[in-house]
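Data block below; observations after.
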Amino acid sequence: TLDDGPSFWTAALLDLLGEWGAKASFFQIGEAARRHPELARRVSDEGHESGNHTPSHAAPYSKTPPGVVG
27 TLDDGPSFWT AALLDLLGEW GAKASFFQIG EAARRHPELA RRVSDEGHES GNHTPSHAAP
87 YSKTPPGVVG
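Quick note, the sequence shown lines up with residues 27 to 96 if you use the numbering used here.
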């Protein structure tokens, strides 16, 4: 599994996975996916699993109980 993307490393990781014919699970942050929609789409287009890793990846310890989902 790969967390916190899509990021600077996502394209290189997808290239490497493609070379090996391997699949992975990418848990993407909503804000990052909006900044890099082409990479977020590429994850799915290349047959990898995509999951939600929160909208903004805010640290849960910085949230009050109503802001913590859990």
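Think of the CB as a built atom: it goes at the ideal place given N, C-alpha and C, for glycine as much as any other residue. What you are looking at is a predicted structure, and each value in this text was computed from that prediction instead of being measured.
Cβ contact annotation for E72 (same chain, cutoff 7 Å, sequence separation greater than five): L40 and G44, in chain order. Less than 9 Å separates the beta-carbon of T36 from that of F52. Here G77 is exposed: its Cβ has fewer than 16 other Cβ atoms, across all protein chains shown, within 10 Å.
Collapsing the DSSP output to three states places G31 in a strand. Rounded to whole angstroms, A48 and L28 show a C-alpha spacing of 13 Å.
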